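Novice: Per the working numbering, the very first residue in the sequence shown carries number 35; after that it's consecutive.
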Amino acid sequence: MNDTVTDIASKVVDWVMAVLPRQVPNKAVLQSCKLISHRGEHDNTEVMENTLRAYEIARTNGVWGIETDIRWTRDLVPVVCHDPDCRRVFGNSMTIGEVNFAELRDAVPLIPSLAELVEEFGGNTHLMIEIKAEAFPHKQRQKQILLEHLASLTPGEDYHLLALDPGRFELVDFLPRKFCLPVAETNTRIISKASLAGGYGGLTGHYLLLNKQLKQRHEQAGQQIGTGFIGSRNCLYRELNRGVEWIFSNNAVKLQQLLDHALRMDERS
35 MNDTVTDIAS KVVDWVMAVL PRQVPNKAVL QSCKLISHRG EHDNTEVMEN TLRAYEIART
95 NGVWGIETDI RWTRDLVPVV CHDPDCRRVF GNSMTIGEVN FAELRDAVPL IPSLAELVEE
155 FGGNTHLMIE IKAEAFPHKQ RQKQILLEHL ASLTPGEDYH LLALDPGRFE LVDFLPRKFC
215 LPVAETNTRI ISKASLAGGY GGLTGHYLLL NKQLKQRHEQ AGQQIGTGFI GSRNCLYREL
275 NRGVEWIFSN NAVKLQQLLD HALRMDERS
């Protein structure tokens with residue numbers, strides 16, 4: 035029930051933000067926009083979320099970054115999947131942590147490994163990698179595996195780590211905390227305090243809950259803000275005009291096209 039109420043409230047807020055007119059940001063702001071495609075450009079019918087195809091569509095259309103989720107197979111291969119099982123997206127009840135990577139690949143070949151994602155998109159598309167809630171049965175070995183997978187990339191420049199629970203960043207304690215971004219849901223005040231106290235790189239969460247005062251508090255601490263999920267031109271302009279660093283969207287390609295159009299109009303004026 036609470037999730038349903040929250041979803042309805044979120045849709046109402048999105049609608050209001052979509053119809054409220056906003057000033058077009060200046061050219062420099064438009065050009066510096068860091069759009070992030072949430073799980074790639076997908077509809078979960080023809081193009082599934084968190085697949086190489088979904089991310090390729092975002093990259094081809096000029097989107098700055100992609101958000102991805104990491105799960106672990108039984109034989110400790112990090113793979114890209116939001117849910118602990120494959121039921122919702124792929125119609126397969128297989129639980130990722132209960133099978134080896136070879137079994138997963140045979141059953142659901144569209145789920146990429148982290149290694150495949152890094153090989154294809156590392157260095158050319160910014161990676162926002164979320165650490166999901168897992169048992170982490172071999173934490174030290176898993177740390178080493180992640181370190182090896184990310185070794186060819188530059189943190190901050192090529193990727194950041196995300197987590198709903200800042201405690202999960204223990205898995206990447208080989209990284210300076212400034213490259214880790216806690217994610218707030220409706221617990222914005224709690225996660226904000228944890229981010230400030232922990233010296234992380236910033237805070238991400240719902241655009242309405244990350245208000246002006248909270249944003250200023252994090253900026254004064256040398257941190258940045260990321261907001262989601264932006265779905266309309268007016269909401270995008272709102273976030274850009276208030277200096278949001280990272281903008282997460284389920285419609286990033288559409289927003290990128292709006293940005294490109296606004297830049298063309300600016301050049302003609």
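Ideal Cβ placement from N, Cα and C applies to all residues, glycine included. Remember, predicted model here, so these are calculated numbers, not experimental data.
So if DSSP puts G260 in a beta bridge, which residue, or which two residues, is it bridged to?
Specialist: Your numbering for residue 260 matches position 226 in the sequence shown. Answer is T238 and W280.
Novice: Can you have a look at V53 and say buried or exposed, based on whether 16 or more other CB atoms are within 10 angstroms of its CB?
Specialist: For this step, residue 53 is matched to residue 19 along the sequence shown. Flag for V53 reads exposed.
Novice: Within its chain, find whatever has a CB closer than 7 Å to the CB of P59; leave out the 5 residues flanking it on each side and keep chain order.
Specialist: By 1-based counting over the sequence shown, the position of residue 59 is 25. So the qualifying residues of the chain are Y271, L274 and N275.
Novice: Tell me where the beta strand (DSSP E) around L195 begins and ends.
Specialist: Translated into the one-based positions of the sequence shown, residue 195 becomes position 161. Looking at the DSSP string, the run of the beta strand (DSSP E) that includes L195 is Y193 to A197.
Novice: What is the DSSP secondary structure of H252, counted as helix, strand or coil?
Specialist: Translated into the one-based positions of the sequence shown, residue 252 becomes position 218. Note: H252 maps to helix in three-state DSSP.
Novice: Can you give me the C-alpha to C-alpha distance between M35 and D140, rounded to a whole angstrom?
Specialist: Numbered from 1 along the sequence shown, position 1 holds the residue referred to as residue 35. Numbered from 1 along the sequence shown, position 106 holds the residue referred to as residue 140. Interpretation of M35 is limited by its pLDDT of 47, a score under 50 that renders its predicted location unreliable; no figure is taken from the coordinates.
Novice: Below 9 Å between beta carbons: does that hold for V114 and L138?
Specialist: Position 80 of the sequence shown, counted from the start, is the residue given in the question as residue 114. Position 104 of the sequence shown, counted from the start, is the residue given in the question as residue 138. Going by C-beta atoms, V114 is not nearer than 9 Å to L138.
Novice: Would you call F203 buried or exposed, if buried means 16 or more other Cβ atoms sit within 10 Å of its Cβ?
Specialist: Taking the first residue of the sequence shown as 1, we reach residue 203 at position 169. With 16 or more Cβ atoms within 10 Å of its Cβ, F203 is classed as buried.
Novice: Answer yes or no: do K68 and E279 have a C-beta to C-beta separation smaller than 9 Å?
Specialist: Looking up residue 68 in the sequence shown gives position 34. Looking up residue 279 in the sequence shown gives position 245. A contact, by the Cβ cut-off of 9 Å.
Novice: Mind checking whether T159 and R93 have CB atoms under 9 Å apart?
Specialist: The residue you call residue 159 lines up with position 125 of the sequence shown. The residue you call residue 93 lines up with position 59 of the sequence shown. Closer than 9 Å, so yes.
Novice: How many Å lie between P171 and H295 at the Cα?
Specialist: Start at 1 with the first residue of the sequence shown, and residue 171 comes out as number 137. Start at 1 with the first residue of the sequence shown, and residue 295 comes out as number 261. Between P171 and H295, the C-alpha separation is close to 49 Å.
Novice: Using CA atoms only, rank isn't needed, just tell me which of V46, W98 and G125 is closest to N78.
Specialist: Mapped onto the sequence shown, residue 78 falls at position 44. Looking at the Cα atoms, G125 is the closest of the given residues.
Novice: Closest to H183 by C-alpha separation, out of L289, R211, A169 and E150, would be which residue?
Specialist: In the sequence shown, the residue the question calls residue 183 occupies position 149. Checked all of L289, R211, A169 and E150; the closest Cα to H183 is E150.
Novice: DSSP three-state label for I163, please.
Specialist: Locating residue 163 in the sequence shown gives position 129, where the first residue counts as 1. Looking at I163 - three-state DSSP - the assignment turns out to be strand.
Novice: Bridge partners of L69, per DSSP?
Specialist: Reading the sequence shown from its first residue, position 35 is the one you call residue 69. DSSP, once it has assigned bridges, lists I281 as partnering L69.
Novice: Compare the beta carbon distance of H252 and S283 with 9 Å and say whether it is the shorter of the two.
Specialist: Taking the sequence shown and counting its residues from 1, the one referred to as residue 252 is at position 218. Taking the sequence shown and counting its residues from 1, the one referred to as residue 283 is at position 249. Not in contact: H252 and S283 (Cβ atoms no closer than 9 Å).
Novice: Apply the 10 Å Cβ neighbour rule to R302 and answer buried if 16 or more other Cβ atoms are within range, or exposed otherwise.
Specialist: Taking the sequence shown and counting its residues from 1, one reaches residue 302 at position 268. Its Cβ having fewer than 16 others within 10 Å, R302 is exposed.
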